[in-house]
Amino acid sequence: MLTFTIRRLVLSIPTLLFISLVIFMLLQLAPGDPMAQVPLTVPPEVKQKMREALGLGAPVHVQYWKWLVQFFWIEPQVLIDHWFGTALSEGKLRVISWQTRSPVMDIVMQRMPQTLWVVGMSYVVGILIALPIGIYSAYRQYSVFDQVGTFVSMIGFSVPPFFSGVVVIVLFSVQLGWFPSIYDTTHVVTDWDSFVIQFKQMIMPVMVLALQTTAQISRFMRASMLDNLNQDYVRTARAKGLRESAVVLVHVLRNSMIPVITVIALGIPGIFGGAIITETLFKVNGIGQLLLTALFANDLPMVMTLTFIFAILIVLFNLIADVLYGVLDPRIRYD
Amino acid sequence: MTDQSVNAAATEMELYGALKDKEPPKEPRSQWRDVWDQFKKHKGALIGGGFLLFITLFVLVGPYIWQIDPKKLDIRNKDLRPIYTLLWDGDARTLWSRPFGTDNLGRDIMATLIAGGRASMAVGWMAMVLSLVIGTAVGVFAGYFKRLDGILMRLTDLFLSLPILPLLLVAVTLFRQPLRAALGPEGGMFILIVGVIGLTSWMPTARIVRGEILALKEREFILAARSIGTTSSAIIRRHLLPNVVSPIMVSATLGLAVAIITESALSFLGVGFPSDFPTWGKLLSDAVPRMTEFPERVMLPGILISLTVLSVNYLGDGLRDALDPRIRGR
Numbered sequence: 001m002l003t004f005t006i007r008r009l010v011l012s013i014p015t016l017l018f019i020s021l022v023i024f025m026l027l028q029l030a031p032g033d034p035m036a037q038v039p040l041t042v043p044p045e046v047k048q049k050m051r052e053a054l055g056l057g058a059p060v061h062v063q064y065w066k067w068l069v070q071f072f073w074i075e076p077q078v079l080i081d082h083w084f085g086t087a088l089s090e091g092k093l094r095v096i097s098w099q100t101r102s103p104v105m106d107i108v109m110q111r112m113p114q115t116l117w118v119v120g121m122s123y124v125v126g127i128l129i130a131l132p133i134g135i136y137s138a139y140r141q142y143s144v145f146d147q148v149g150t151f152v153s154m155i156g157f158s159v160p161p162f163f164s165g166v167v168v169i170v171l172f173s174v175q176l177g178w179f180p181s182i183y184d185t186t187h188v189v190t191d192w193d194s195f196v197i198q199f200k201q202m203i204m205p206v207m208v209l210a211l212q213t214t215a216q217i218s219r220f221m222r223a224s225m226l227d228n229l230n231q232d233y234v235r236t237a238r239a240k241g242l243r244e245s246a247v248v249l250v251h252v253l254r255n256s257m258i259p260v261i262t263v264i265a266l267g268i269p270g271i272f273g274g275a276i277i278t279e280t281l282f283k284v285n286g287i288g289q290l291l292l293t294a295l296f297a298n299d300l301p302m303v304m305t306l307t308f309i310f311a312i313l314i315v316l317f318n319l320i321a322d323v324l325y326g327v328l329d330p331r332i333r334y335d
Numbered sequence: 001m002t003d004q005s006v007n008a009a010a011t012e013m014e015l016y017g018a019l020k021d022k023e024p025p026k027e028p029r030s031q032w033r034d035v036w037d038q039f040k041k042h043k044g045a046l047i048g049g050g051f052l053l054f055i056t057l058f059v060l061v062g063p064y065i066w067q068i069d070p071k072k073l074d075i076r077n078k079d080l081r082p083i084y085t086l087l088w089d090g091d092a093r094t095l096w097s098r099p100f101g102t103d104n105l106g107r108d109i110m111a112t113l114i115a116g117g118r119a120s121m122a123v124g125w126m127a128m129v130l131s132l133v134i135g136t137a138v139g140v141f142a143g144y145f146k147r148l149d150g151i152l153m154r155l156t157d158l159f160l161s162l163p164i165l166p167l168l169l170v171a172v173t174l175f176r177q178p179l180r181a182a183l184g185p186e187g188g189m190f191i192l193i194v195g196v197i198g199l200t201s202w203m204p205t206a207r208i209v210r211g212e213i214l215a216l217k218e219r220e221f222i223l224a225a226r227s228i229g230t231t232s233s234a235i236i237r238r239h240l241l242p243n244v245v246s247p248i249m250v251s252a253t254l255g256l257a258v259a260i261i262t263e264s265a266l267s268f269l270g271v272g273f274p275s276d277f278p279t280w281g282k283l284l285s286d287a288v289p290r291m292t293e294f295p296e297r298v299m300l301p302g303i304l305i306s307l308t309v310l311s312v313n314y315l316g317d318g319l320r321d322a323l324d325p326r327i328r329g330r
């Protein structure tokens, strides 16, 4: 298992390098001049100098190499400096945003908590709702609960978040006035009242994202439970005289969780992508919204770094899913 | 002697009588007849398929029946409410010739919904077809030719690890201008959006098709075909492709749903078609700032998107059951 994990880790390096190259070339091909916002009174030769100062004069491969060095060598050093108070990265050039002229990773680190908080919470809530629904609708297949559950999960699957989000805003913040429609990221939780405000502003974005997660995971949970409920070992367990709850919730559930857990791991990067829409809708200033504003402002280093972070998440969670599958299911051996 | 032979014939009749059919032979049934019978049992799929057909006809034939130009401005009759608002609000400004009301520039909402539906469905179908063609080609080549398998599947894995929505945003934002300049604002955008959606959604199809081809390739009928000297291209066309039609059809329905949602999401994020070219996602996002006063402008396109995607998903579910011979007939 360990050798498999190490092999997968080593294999993911060329994958990531290739993805970064694809993103970089895509951005290189793109038209768009970072000097477009500079006043027209600035003479062309000064503009040229400014362009070179941004590193745009160099050939493509040099630019790519510099980005690689900055992202994989200098940024980790900055992180180590931050943690241990060393001075490894002193005076070295980091990935600089064209928009704000400050290091990209600093801005990403400022925005990350909001995204993680909303996205992470919605994923946990979604899973917690999905698992019982999936288990019960498989156990009582074709019952009313199962029919309704399947229908609701199909709706959750089909209604895009930009529509469900708008509907809940109209319903709960405009008509009923229960929750605020804008997520206030400067809000600090100090006591019970401020916690209630935080809870109220989180409930809508979290539930909109959680609806999608719930729909997907509960379908998987139901299918996986159905596969296992008809197996011979279930009959054996019942024949031994085990209680029904022990049969379903211990024997069947543990076996059905194996594929579901890998699906949960595989879904995590996807939910970050979905968060782009939810963040725009509820005005959460997370990384999804950061990517969108950077795109519209033609801030290529920011776009490059953010897209690459998304790619790292996908590769990482694919790896985790593969390894988890092997760890959880002793029947599967990779070596 | 004759007696004996008659007796022998009688015992023969008795012997084979048990093997004879008790009822008259049934008409032979074709595969698609079986598929249709199974499909009919899935009520959701039937309704979904019917609705998809209805909505497709609605956007195709709609402009010929509802002949108001969706781009015509009628400032005098702007901000009309749909006629059904009269049910609870007698004072609402409505007009019977504008059943769904008009927008803030007086454009008829019914007409813009039809035009928007045309664009959304066209993008959805085209992107789905493109991704199917790419996915099937990659899957067939990877499954059939052993030399290509490794490299094509690594390519598929790479594409699967690309962050799709961010990349779509990047591609559409950055290549909007040159394509618009080259092919006109609407044509350029159409090709760009169909292209990027198609190029980033073929991977599941490729994987499924490859798996099926790998299994089919080892079967006897392929061996027989090869032994009589059938060329590879003929084997693929005549023997392999017809056998992978069912998984392709199922992934086609999923692809259509994904393509419609992706196009709407791009329009919603403001990187879709130009502002005077309506699509369902665009109509929805344009209506969001004034959704408190005119909720119907958000609800109508949103409901249309959701219902279309819902019906496509149900259709896919039904097709999967109907096309799987292990489930069929149960």
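Respectively, the protein sequence lines represent chains A and B.
Just so we're aligned: 222 in the UniProt record's numbering is position 222 of the first sequence, and the numbers increase by one with no gaps anywhere.
Just so we're aligned: 241 in the UniProt record's numbering is position 241 of the second sequence, and the numbers increase by one with no gaps anywhere.
For each residue, glycine too, the CB sits at the ideal point set by N, CA and C.
Per DSSP, cross-strand counterpart(s) of residue i
| i | result |
| --- | --- |
| A:ILE96 | A:PRO103 |
| B:THR102 | B:ASP108 |
Simplified DSSP assignment, three categories, for residue i
| i | result |
| --- | --- |
| A:ASP232 | helix |
| A:ASP146 | helix |
| A:LEU171 | helix |
| B:PHE273 | coil |
| A:ASN255 | helix |
| A:LEU242 | coil |
| A:GLN141 | coil |
| A:VAL125 | helix |
| B:ASN243 | helix |
| A:ALA297 | coil |
| B:GLU27 | coil |
| B:ARG238 | helix |
| A:TRP178 | coil |
| A:ILE288 | Reading off the sequence, residue 288 of chain A comes out as Gly, not Ile. A:GLY288 falls in the helix class under three-state DSSP. |
| A:ASP191 | coil |
| A:GLY120 | helix |
Nearest-angstrom Cβ-Cβ length linking residue i and residue j, presumed shorter than 8 Å
| i | j | result |
| --- | --- | --- |
| A:LEU209 | A:GLY149 | A:LEU209 to A:GLY149, Cβ: 19 Å. No contact. |
| A:ASP299 | A:GLN99 | 4 Å |
| B:LEU113 | B:LEU254 | That pair is no contact at about 25 Å. |
| A:ILE312 | A:LEU16 | 7 Å |
| B:GLU263 | B:GLY117 | The Cβ separation is near 12 Å, so there is no contact. |
| B:SER246 | B:LEU323 | 4 Å |
Chain E within 8 Å of residue i, Cβ atoms only
| i | result |
| --- | --- |
| A:LEU291 | Reference to chain E is not applicable here, since the protein chains of this structure are A and B. |
Segment limits, alpha helix (DSSP H) that includes residue i
| i | result |
| --- | --- |
| A:THR185 | No alpha helix (DSSP H) contains A:THR185, which DSSP labels as neither H nor E. |
| B:TRP88 | B:TRP88 -> no alpha helix (DSSP H), and no H or E assigned at all. |
| A:GLN28 | 2-29 |
| A:GLN70 | Segment: none, A:GLN70 is in no alpha helix (DSSP H) and carries neither H nor E. |
| B:ALA182 | 164-183 |
| B:ASN313 | 295-323 |
| B:TRP36 | 31-41 |
| A:MET304 | 300-328 |
| B:ILE208 | 203-217 |
| B:LEU160 | 146-160 |
| B:ARG226 | 220-227 |
Any chain B beta carbon closer than 8 Å to residue i
| i | result |
| --- | --- |
| A:VAL166 | yes |
| A:THR262 | no |
| A:VAL104 | no |
| A:ILE217 | no |
| A:ASN318 | yes |
| A:ILE135 | no |
| A:ALA265 | no |
| A:ILE182 | no |
| A:VAL170 | yes |
| A:MET221 | no |
| A:THR185 | no |
Cutoff 8 Å: residue i Cβ touching any chain A Cβ
| i | result |
| --- | --- |
| B:PRO166 | yes |
| B:ARG330 | Because the pLDDT of B:ARG330 is 49, which lies under 50, any placement of that residue in the model is unreliable, and the question is left without a value. |
| B:VAL138 | no |
| B:TYR84 | no |
| B:VAL250 | no |
| B:PRO295 | yes |
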